[in-house]
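Numbering (the numbering used here), first residue to last: 657 to 756. Glycine included, every Cβ here is placed at the ideal spot set by N, Cα and C. Remember, it's a predicted structure, so these values are computed and weren't measured experimentally. Working notes, beginning with the structure itself.
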């Protein structure tokens with residue numbers, strides 16, 4: 657059974673009473689990062705389960721988990737980044753095609 661993108665979710669679950677967090681995801685980048693982290697630090701993170709649909713569940717020490725909120729860039733910073741990209745030959749990504 658093939659899942660839709662909508663069904664391929666990421667769930668991070670932990671509570672204040674336990675030391676571990678559970679991360680269930682279909683996201684390819686997050687799966688690679690979790691696999692690399694679990695190989696490097698097997699005492700902190702381990703693969704608990706993988707599904708036939710492509711999802712994985714990792715359990716890790718919740719003190720190693722961080723959620724970062726990134727504010728939007730100011731217009732000045734965006735202009736500086738565009739200028740840097742032009743000077744160094746970077747191409748802008750097409751957002752419409754990148755998410756398709």
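{"Check": "Less than 8 Å between C-beta atoms, sequence neighbours within five positions excluded: which residues of the same chain meet that for residue 686?", "Outcome": "666 and 679"}
{"Check": "Report the partner residues of residue 723 according to the DSSP bridge assignment.", "Outcome": "Residue 723 pairs with nothing; no bridge assigned."}
{"Check": "Around the Cβ of residue 707, are there at least 16 other Cβ atoms within 10 angstroms (buried) or fewer (exposed)?", "Outcome": "exposed"}
{"Check": "Which runs of the beta strand (DSSP E), 3 residues or longer, sit entirely within the region 663 to 687?", "Outcome": "667 to 669 and 676 to 681"}
{"Check": "Using a Cβ-Cβ cut-off of 6 Å (strictly less than) and excluding sequence neighbours within five positions of residue 704, which residues of its own chain qualify?", "Outcome": "713 and 715"}
{"Check": "With a CB to CB cut of under 6 Å and the five nearest residues on each side skipped, what residues in its chain are close to residue 682?", "Outcome": "664, 710 and 711"}
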